[in-house]
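Heads up: the sequence shown runs through residues 166 to 325, numbered per the working numbering. Note that CB positions come from ideal geometry on N, CA and C, so glycine has one too. Here the structure comes first, spelled out in structure tokens, and everything after it is commentary.
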Amino acid sequence: MSTWLHVDQREVLHSIRTAVGAVASVLIARLCRLPEPYWAAITTIVIMQSTLGASLTISKQRFVGTALGAAMGALLTAYTAQSVAAFGGGVFVLGLICALLRIGRSAFRYAGIALAIVTLITRAEPAWMIAIFRFLEISVGIVVGLLVTAIWPEPEPTAA
166 MSTWLHVDQR EVLHSIRTAV GAVASVLIAR LCRLPEPYWA AITTIVIMQS TLGASLTISK
226 QRFVGTALGA AMGALLTAYT AQSVAAFGGG VFVLGLICAL LRIGRSAFRY AGIALAIVTL
286 ITRAEPAWMI AIFRFLEISV GIVVGLLVTA IWPEPEPTAA
């Protein structure tokens, strides 16, 4: 067998676990009638790590960051005109909030992403509704990713 065809079994298993988690996230988000279920799948893919501990850390940062960014997006669109300046100010304030709360740059990154999605994409629905849906879609992805990681842990590497 050629060496380029040889794939570590752990990588195959990780790919299967991630695919199962991503599909489950989409199906659950659709079942809940969330408007953009792909965010649940994206989140599951992002948080699925090799250990539950690593997944818990990234999940907490994603959850808190998304909540902050979605809330900031809803507030900005309710009280300011939609503009790049308002968006930039929101990103700046989110950075300060994350620093004051000492929740780290990963949470700030996710907050900024949620803020951009809520404020920069024009939609017919009110921004507060988009913010709530985004938070729910991300939460579904986090829960599914953590459940798959807890129920179906990745095997530890064997000593050669």
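| Check | Outcome |
| --- | --- |
| Are there 16 or more other CB atoms within 10 angstroms of the CB of E321, so buried, or fewer, so exposed? | exposed |
| Using only the alpha-carbon positions, how far apart do C197 and A292 sit? | 20 angstroms |
| Report yes if the CB atom of V190 is closer than 7 angstroms to the CB atom of I307, and no otherwise. | The question names Val, but residue 190 is Ser in the sequence shown. No. |
| Can you give me the start and stop residues for the alpha helix (DSSP H) that W317 sits inside? | Run containing W317: none; DSSP gives neither H nor E here. |
| For T183, which residues in the same chain have their Cβ closer than 7 angstroms to its Cβ, ignoring the five residues on either side in sequence? | I210, M213 |
| Using DSSP with H/G/I as helix, E/B as strand and the rest coil, what is Q214? | coil |
| Please state if the CB of T245 and the CB of A239 are separated by a distance shorter than 7 angstroms. | no |
| If H179 and E319 are in contact, beta carbons under 8 angstroms, what's the gap, nearest whole angstrom? | 6 angstroms |
| With DSSP as the reference, label A276 as helix, strand or coil. | helix |
| Between Q226, G254, G255, I286, which lies nearest to L266 when the distance is taken from Cα to Cα? | Q226 |
| So, helix, strand or coil for L199, using DSSP? | coil |
| Take A187 and list the residues in its own chain whose beta-carbon comes closer than 6 angstroms to its own, dropping the five residues that flank it on each side. | A206, T209, I210 |
| Cutting at 6 angstroms between CB atoms, please list the residues of its own chain near G260, excluding the five before and the five after it. | F273 |
| Start and end of the alpha helix (DSSP H) containing A264? | 249 to 266 |
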